[in-house]
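When you read off a place in the sequence shown, starting at 1, and then add 229, the result is the number in the numbering used here. Please read the structure below before turning to the comments.
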Amino acid sequence: MVFGLCSVNLRVGVRSSWSGVGSLEVRRLCHYIVTLRYFEMSILVVIAMSSIALAAEDPVWTNAPRNNVLKYLDYAFTGVFTFEMVIKMVDLGLLLHPGSYFRDLWNILDFIVVSGALVAFAFSGTKGKDISTIKSLRVLRVLRPLKTIKRLPKLKAVFDCVVNSLKNVLNILIVYILFMFIFAVIAVQLFKGKFFYCTDESKGLQKDCKGQFLDYDKDEVAAMPREWKKYEFHYDNVLWAFLTLFTVSTGEGWPTVLKHSVDATFEDQGPSPGYRIEMSIFYVVYFVVFPFFFVNIFVALIIITFQEQGDKALSECSLEKNERACIDFAINAKPLTRYMPENTQSFQYRMWKFVVSAPFEYSIMIMIALNTVVLMMKFHGAPDFYEVMLKNLNIVFTTLFSLECILKIIAFGPLNYLKDAWNVFDFVTVLGSITDILVTEINVRARFVLYGCVYENKPASHVGRVWQGARAARPGDESEPGVC
């Protein structure tokens, strides 16, 4: 049936660039090759190998031995892509009828890449300025990996969503530039002319930055001329402020710019360490607005576009969105079984009823919150009585959490208790905290003999403190304490 349609199209001269019995047979052969099961997979393999070859080239030494080998491989890859392009042109036709080769943007991309490589190869043996420009068309080879997008449907869907989201980026980009302009103007008002410095740090004025000074570089001393310079990034005008703020937004080198801003004093004067520490507020606000707020807006825009594309694809379905969600939930739902002792008159059942009760769970949550507050109360240089108080509170909380573990082990049994990952986490945390207390209170000193020498290990309580911090990571809701 397909070949019959092809023959019908061939009889219409306006809709096809091929005619005659011989051309029909050629076109049938090309169509057969293009529709082979492993044809697209073979092209994908060639694209991958071509991309690896591009990455393996030596960009510094043009006549490197591996470049000579890769050159012949490039000939082979270009030959394969040329063959693919030609047979698709024969199969689909060139331009005049719907579905022809040049009516697909991806085919146009393939044509540009292959044509650029062929032109570069044609002039590879000649010399001259203009010829070098022509040979620069080989740069188009870097577009070869884009050929995979058309052949992988999921990748093409992602690419289409990104392209569609770019249509809505313009409005956000205008707002971005507007806010950037506002911050640039503010930065110029705050820091213009204040990013100068003398190579001799002891001199803070340009009039004093003259003559020479002794520069102590490691073990050497040298006389260096004093120079009045400006930092690489500054805010002397709006354009430089744009560039500096954009550099800060990338997260590269912004601590240096922040230090220069905090140390800035007056116009045409050198820096003074920590002169205006309040200027750091400017960068805090800037980071909240740009690297955080605007980046999240762009990400949200892409996510919304993905959702719209998904809803558009599902709109053809006869079921509504909520109905599909209910069906998906019913298919993917997994029943959860909760452990409960069989004998309701036993001590284990009464203990189980106690540990799964709401008051017990709320009490544990309160203890976790209080323990987190205690962990936050540590600071350097605390008095001894304060450290003793925190240490005793740590012992109290460790005892309470240990009691919780014991009660749950009795209620659920050891095996059922350890089936829950959070229970395992609690148990390991309690063991670590107990070890920390033992090491701290008993002052255990481990002695290790190595190569005939005796080494004394100091108390490792500072390592055990990590278990106290782990308590804060416990879940706030333990409504499913045991699973059979």
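Every residue, glycine too, gets a C-beta built ideally from N, C-alpha and C.
Beta-carbon spacing of residue i, residue j below 8 Å
i: Ala346; j: Leu369; result: yes
i: Leu530; j: Ser394; result: yes
i: Ala413; j: Phe331; result: no
i: Ile639; j: Met580; result: yes
i: Leu384; j: Ile378; result: yes
i: Val603; j: Leu622; result: yes
i: Phe268; j: Ile276; result: no
i: Ile595; j: Thr627; result: no
i: Val584; j: Lys637; result: yes
i: Arg455; j: Gln441; result: yes
i: Phe511; j: Leu419; result: yes
i: Ala386; j: Leu474; result: no
i: Cys427; j: Trp457; result: yes
Where residue i falls, given that 16 or more other Cβ within 10 Å makes a residue buried
i: Gly661; result: buried
i: Leu321; result: buried
i: Arg295; result: exposed
i: Thr573; result: exposed
i: Thr307; result: buried
i: Trp483; result: buried
i: Phe641; result: buried
i: Ser490; result: buried
i: Ile715; result: Coverage of the chain is limited to positions 230 through 713, which leaves residue 715 absent and any answer about it impossible.
i: Ala451; result: exposed
i: Lys396; result: exposed
i: Arg266; result: exposed
i: Leu334; result: exposed
i: Arg567; result: exposed
i: Asp557; result: exposed
i: Cys555; result: exposed
i: Ser509; result: exposed
i: Thr534; result: buried
i: Asp492; result: buried
i: Met715; result: The chain is shown from 230 up to 713; residue 715 falls before or after that span and cannot be answered.
i: Met409; result: buried
i: Val196; result: Beyond the ends of the chain as shown, which are 230 and 713, falls residue 196; an answer cannot be given.
i: Asp714; result: Lying before the first or after the last residue shown, residue 714 is absent from the chain, which here runs from 230 to 713.
i: Asn645; result: buried
Residue i, enclosing alpha helix (DSSP H) - first and last residue
i: Met569; result: Neither: Met569 is in no alpha helix (DSSP H) and is coded neither H nor E.
i: Tyr646; result: Pro643 to Leu647
i: Cys390; result: Pro382 to Leu395
i: Tyr591; result: Ala587 to Met605
i: Phe731; result: The structure shown has nothing for residue 731, since the chain only spans 230 to 713.
i: Tyr515; result: Ser509 to Phe516
i: Val657; result: Ala650 to Glu670
i: Val450; result: Element bounds for Val450: not the alpha helix (DSSP H) but the beta strand (DSSP E), Glu449 to Pro454.
i: Asn400; result: Val398 to Phe420
i: Ile506; result: Taken as a continuous stretch (DSSP letters only), Ile506 belongs to no alpha helix (DSSP H), as it is neither H nor E.
i: Glu269; result: Phe268 to Ala285
Range of the contiguous beta strand (DSSP E) that encloses residue i
i: Asp444; result: Gln441 to Asp446
i: Trp457; result: Trp457 to Lys459
i: Tyr330; result: That residue, Tyr330, is in no beta strand (DSSP E); it is neither H nor E in DSSP.
i: Glu481; result: No beta strand (DSSP E) holds Glu481; DSSP gives it neither H nor E.
i: Val289; result: Unbroken run through Val289: none, as it is neither H nor E.
i: Phe425; result: Phe425 to Cys427
Cutoff 7 Å; reference residue i; Cβ partners in own chain excluding five residues on either side
i: Met606; result: Leu619
i: Phe523; result: Tyr405
i: Met569; result: Trp581
i: Asp429; result: Cys438, Phe442 and Arg455
i: Phe589; result: Phe583
i: Leu302; result: Ala282
i: Ser478; result: Phe519 and Pro520
i: Val255; result: Val319
i: Ser329; result: Leu321, Gly322 and Leu323
i: Ser431; result: none
Neighbourhood of residue i by C-beta, 6 Å cutoff - its chain only, sequence neighbours within 5 removed
i: Phe741; result: Past the boundaries of the shown model lies residue 741; the chain is included only from 230 to 713, so the question cannot be answered.
i: Phe350; result: none
i: Val692; result: Unreliable positioning characterises Val692 in this predicted model, as indicated by a pLDDT of 46, which lies under 50. The coordinate reading is nonetheless provided below. Once the five neighbours on either side are set aside, Val692 has no close Cβ partner at all.
i: Val243; result: Unreliable placement is indicated for Val243, whose pLDDT of 37 sits below 50; no coordinate value is reported for it.
8 Å Cβ shell around residue i - same chain, five flanking residues per side excluded
i: Val517; result: none
i: Asp389; result: Gln538
i: Tyr515; result: Phe412, Leu474, Val477 and Ser478
Interface flag, residue i vs chain D, CB-CB below 8 Å
i: Ile337; result: In the structure shown, chain D does not exist; there is a single protein chain.
I want to know whether the stretch 310–324 touches the stretch 334–346 - three or more CB-CB distances under 8 Å. yes
Would you check if there are 3 or more beta carbon pairs closer than 8 Å linking the stretch 493–501 to the stretch 413–429? yes
Count Cβ pairs between the stretch 392–408 and the stretch 456–470 that sit closer than 8 Å; are there 3 or more? no
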